[in-house]
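First the structure, in the form of structure tokens, and then the observations on it.
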Amino acid sequence: MISRLILLEICVTILVVAFETPVCGFLTSTPNPTKFYRSISFTNLELKKGGKKKKKVNDGTIAVNRTARRNYEIVETMDAGISLLGSEVKSIRDGKMNIRDGFVRPERNGRSCTLMNVHIGKHTMSSEYFQHEERRPRPLLLRKEEARKMLQQVERKGMTIVPLKAYFNDKNLVKVQIGLCRGKNVRDKRQDIKDRDAKKEAERMVKNFRLN
Numbered sequence: 042m043i044s045r046l047i048l049l050e051i052c053v054t055i056l057v058v059a060f061e062t063p064v065c066g067f068l069t070s071t072p073n074p075t076k077f078y079r080s081i082s083f084t085n086l087e088l089k090k091g092g093k094k095k096k097k098v099n100d101g102t103i104a105v106n107r108t109a110r111r112n113y114e115i116v117e118t119m120d121a122g123i124s125l126l127g128s129e130v131k132s133i134r135d136g137k138m139n140i141r142d143g144f145v146r147p148e149r150n151g152r153s154c155t156l157m158n159v160h161i162g163k164h165t166m167s168s169e170y171f172q173h174e175e176r177r178p179r180p181l182l183l184r185k186e187e188a189r190k191m192l193q194q195v196e197r198k199g200m201t202i203v204p205l206k207a208y209f210n211d212k213n214l215v216k217v218q219i220g221l222c223r224g225k226n227v228r229d230k231r232q233d234i235k236d237r238d239a240k241k242e243a244e245r246m247v248k249n250f251r252l253n
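For the sequence shown, my numbering begins at 42 and goes up steadily by one.
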């Protein structure tokens, strides 16, 4: 009840300033202050600057490896499942996954691949007995043909396999997008920066042209 009276006084002050209404007799002339309070729409009162904040679109993305596209040329991408523990899944839902330093190592037999050096922080609500190693090797769920193809590309052409993105799919399962990459030299990186700046400049000019 006290909070309602405080809000009612704030509304009265706003109405007095906006419409220059005398304060005397305002509350006594209102037969039911509670009904008057409920009838006021607070959506039209702009009490905060900046307007409404845009809601972020939740597309299921967990982590993105931005340095991979800067340092490597992505030749081919592939989506793979990953074998995780219960505490790792809970930590991933809390946003404690970092794939920036990760890479994929194909096994010598060509039947599987392992995700290496990916950091998943420990879950704070789990006991020490159920905790996991933060950078332990994690098997990827790939077909034998896909794993054999990755092994051949790495051994014959000297390519690198890095994780590009981790996300939740439609079935709420953790998936990792891996990329078969070729390293860039300094010249290629500079050219990519020039192309990116030119693209941003073109988009800015088109936007200004539409506004005018």
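By construction, the Cβ of each residue, glycine as well, lies at the ideal position given by its N, Cα and C atoms.
Fully contained in the stretch 109-153 are the following beta strand (DSSP E) runs of length 3 or more, in chain order: 113-123, 144-147. Tyr-208 has Thr-102, Lys-216 as its beta-bridge partners, per DSSP.
Burial check for Asn-213: the Cβ neighbour count within 10 Å stays below 16, so the residue is exposed.
The Cβ atoms of Arg-223 and Met-246 do not sit closer than 7 Å to each other. Contact annotation: Ile-234 and Met-119 have beta-carbon atoms that are not nearer than 7 Å.
By the CB criterion at 7 Å, Val-217 and Ile-123 fall inside the cutoff. Non-local beta-carbon contacts of Gln-172 in its own chain, meaning distances under 8 Å to residues more than five positions away in sequence, involve Ser-128, Lys-163, His-164 in chain order. It is roughly 40 Å from the alpha-carbon of Leu-182 to the alpha-carbon of Glu-244. Ser-153 sits buried, since 16 or more C-beta atoms from the chains shown fall within 10 Å of its C-beta.
Just so you know, the alpha carbons of Asp-142 and Ile-51 end up roughly 54 Å apart. Put simply, of Met-166, Met-191, Lys-240, Lys-137 the residue whose alpha carbon is nearest the alpha carbon of Val-145 is Met-191. Comparing C-alpha distances from Arg-179 to each of Val-105, Arg-197, Glu-148 shows the shortest one belongs to Glu-148. When DSSP states are grouped into helix, strand and coil, Met-191 belongs to the helix group. Closest in C-alpha terms to Ser-132, from the list Glu-187, Glu-174, Lys-241, comes Glu-174.
Measuring C-alpha to C-alpha distances from Val-159 to each of Asn-210, Lys-206, Lys-240 identifies Lys-206 as the nearest. A residue is called buried when at least 16 other Cβ atoms come within 10 angstroms of its Cβ; Ile-202 meets this threshold and is buried. Pairing Tyr-208 with Ile-115 gives a Cβ-Cβ distance that is not under 7 Å. DSSP places Arg-176 in the coil class of the three-state scheme, outside both helix and strand. By the CB criterion at 7 Å, Asn-106 and Ile-140 fall inside the cutoff. Inter-residue distance for Arg-184 and Val-130 is about 23 Å (C-alpha atoms, whole angstroms). Ranked by Cα distance from Thr-108, the options Phe-250, Lys-241, Pro-204 are led by Pro-204.
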